[in-house]
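Heads up: the structure comes next, in structure tokens.
Number of protein chains: 2
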Amino acid sequence: MKTSGREWPAGVKKTRQRQAVLALLEQAEKPISAADIFTGTAAAGQDISLSTIYRILNYMEKKGVVAKAKLARSESVLYELNRFRHRHYAVCVICHRIISVNNCPLENFILNIAENDFRVTGHNVEIYGYCRECDGEAGGGR
Amino acid sequence: MKTSGREWPAGVKKTRQRQAVLALLEQAEKPISAADIFTGTAAAGQDISLSTIYRILNYMEKKGVVAKAKLARSESVLYELNRFRHRHYAVCVICHRIISVNNCPLENFILNIAENDFRVTGHNVEIYGYCRECDGEAGGGR
DNA sequence: AGCCAAACGCGAATGATATGCGTTTAACTA
DNA sequence: TAGTTAAACGCATATCATTCGCGTTTGGCT
Numbered sequence: 212m213k214t215s216g217r218e219w220p221a222g223v224k225k226t227r228q229r230q231a232v233l234a235l236l237e238q239a240e241k242p243i244s245a246a247d248i249f250t251g252t253a254a255a256g257q258d259i260s261l262s263t264i265y266r267i268l269n270y271m272e273k274k275g276v277v278a279k280a281k282l283a284r285s286e287s288v289l290y291e292l293n294r295f296r297h298r299h300y301a302v303c304v305i306c307h308r309i310i311s312v313n314n315c316p317l318e319n320f321i322l323n324i325a326e327n328d329f330r331v332t333g334h335n336v337e338i339y340g341y342c343r344e345c346d347g348e349a350g351g352g353r
Numbered sequence: 212m213k214t215s216g217r218e219w220p221a222g223v224k225k226t227r228q229r230q231a232v233l234a235l236l237e238q239a240e241k242p243i244s245a246a247d248i249f250t251g252t253a254a255a256g257q258d259i260s261l262s263t264i265y266r267i268l269n270y271m272e273k274k275g276v277v278a279k280a281k282l283a284r285s286e287s288v289l290y291e292l293n294r295f296r297h298r299h300y301a302v303c304v305i306c307h308r309i310i311s312v313n314n315c316p317l318e319n320f321i322l323n324i325a326e327n328d329f330r331v332t333g334h335n336v337e338i339y340g341y342c343r344e345c346d347g348e349a350g351g352g353r
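Protein chains in written order, with the working numbering: chain A, 212 to 353; chain B, 212 to 353.
Right, here's the structure in full:
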């Protein structure tokens, strides 16, 4: 809804294209693909070449503004604003709807493995199954 | 270790190529890519075309024999035997070494979200950070 | 207003994965 | 054990997401 409340990242040139991409990501409450951004910005009256979109996304990822999500059941890579330091999704295996999972079950667990051979800096949890709409269509019979 | 103890999946034609691919996946204790399988089987004296490898992997995935893993930091899709119903990895952000995580922190959590809008059938957890070898190289900073 | 590195757009390249089609082979049968 | 046939294979080619080269445009600064 509000596209203005956010400060522009420091040291980042403010172009029409970058503003449109970030504005779209701000509205999106789910991770979206580069192609989604292409059509979404076009629908908002901003024609941006696909290569520019990819460049913006990669650049913003390096700047820490955007986060990449590579879900097992999605063809292409998805992007979202890096609002949270880690991400959890529930992905419907039928309609591929993505449902956000807010609290993090891993906090304690992370401490656990950190004591061993690994210093943990981030994590990514993907859960799949049937969303309310699709459940039942599958016959419930697994 | 043992490459023989496993039964051949029912209703699956037993070809030289399929045997080689599954044998390689059995030895691998980490998920591997189609290209890894290509070179691995070649090294074992089995020349298999890359398209056949992809066909075998897709087919075996449909049969439930093989599981796909799409890690955020790996270019290509990885495959492993579907020994476990869910998977957890710790991936080093420097050397990309993959460390297996055995116990599952999500069991209770899953019950939680299942009560809401989602019937859970599987999940996938990826943890990243620095493995023992690479930690320190990064300066410990950040 | 003018400069210039950084961004952009286009089109072409890349790399992983998939597919069409003619050839080979596993599994079944006589 | 040889014959039959649908399924699997190999090769070449296609596809699709993503990246890159290069000439043109533009935001931020003076």
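Virtual Cβ for every residue (Gly too), placed ideally from N, Cα, C.
Next item on the list: Measure the Cβ-Cβ separation of Pro242(B) and Ala283(B) and say whether it is below 7 angstroms.
Entry: no
Notebook entry, point to check: Do Thr252(B) and Leu235(B) have their CB atoms nearer than 7 angstroms?
Noted result: yes
Check: Does DSSP classify Lys279(B) as helix, strand or coil?
Finding: strand
Next item on the list: Compare the C-beta of Glu237(A) against all C-beta atoms of chain B and say whether one is closer than 7 angstroms.
Entry: no
Notebook entry, point to check: Name the chain A residues whose beta carbon is nearer than 8 angstroms to that of Ala283(B)?
Noted result: Lys279, Ala280, Lys281, Asn335
Check: Does any C-beta atom of chain A lie closer than 7 angstroms to the C-beta of Ile243(B)?
Finding: no
Margin query: If distances are taken between C-alpha atoms only, which option among Asn293(A), Lys274(A), Ile259(A), Ala239(A) comes closest to Gln228(A)?
Written below: Ile259(A)
Check: Do the CB positions of Asn173(B) and Glu291(A) come within less than 7 angstroms of each other?
Finding: Outside the shown range of chain B, which is 212 to 353, sits residue 173(B), and nothing can be said about it.
Margin query: I need the straight-line Cα distance from Asp223(B) to Lys273(A), nearest angstrom please.
Written below: According to the sequence shown, residue 223(B) is Val rather than Asp. Distance between the alpha carbons of Val223(B) and Lys273(A): 46 angstroms.
Notebook entry, point to check: What residues from chain A crowd round Ile267(B), counting only those whose CB sits closer than 9 angstroms?
Noted result: Near Ile267(B) there are no residues of chain A at all, since even the closest Cβ is about 19 angstroms away, more than 9 angstroms.
Notebook entry, point to check: Buried or exposed: which applies to Leu261(A), given that a residue is buried once 16 or more other Cβ atoms fall within 10 Å of its Cβ?
Noted result: exposed
Notebook entry, point to check: Considering only C-alpha positions, which residue in the set Tyr270(A), Ala254(A), Ala231(A) is nearest to Ala221(A)?
Noted result: Tyr270(A)
Next item on the list: For chain A, find out if any of its Cβ atoms is closer than 7 angstroms to the Cβ of Ile264(B); answer yes or no.
Entry: no
Note to self: Let me see if you follow: with CB-CB separation under 7 angstroms, is Ile259(B) close to chain A or not?
What the structure shows: no
Next item on the list: Would you please verify whether the beta carbon of Ile338(B) is less than 7 angstroms from any beta carbon of chain A?
Entry: yes
Next item on the list: Name, in chain order, the residues that DSSP records as bridge partners for Tyr290(A).
Entry: Ile243(A), Lys279(A)
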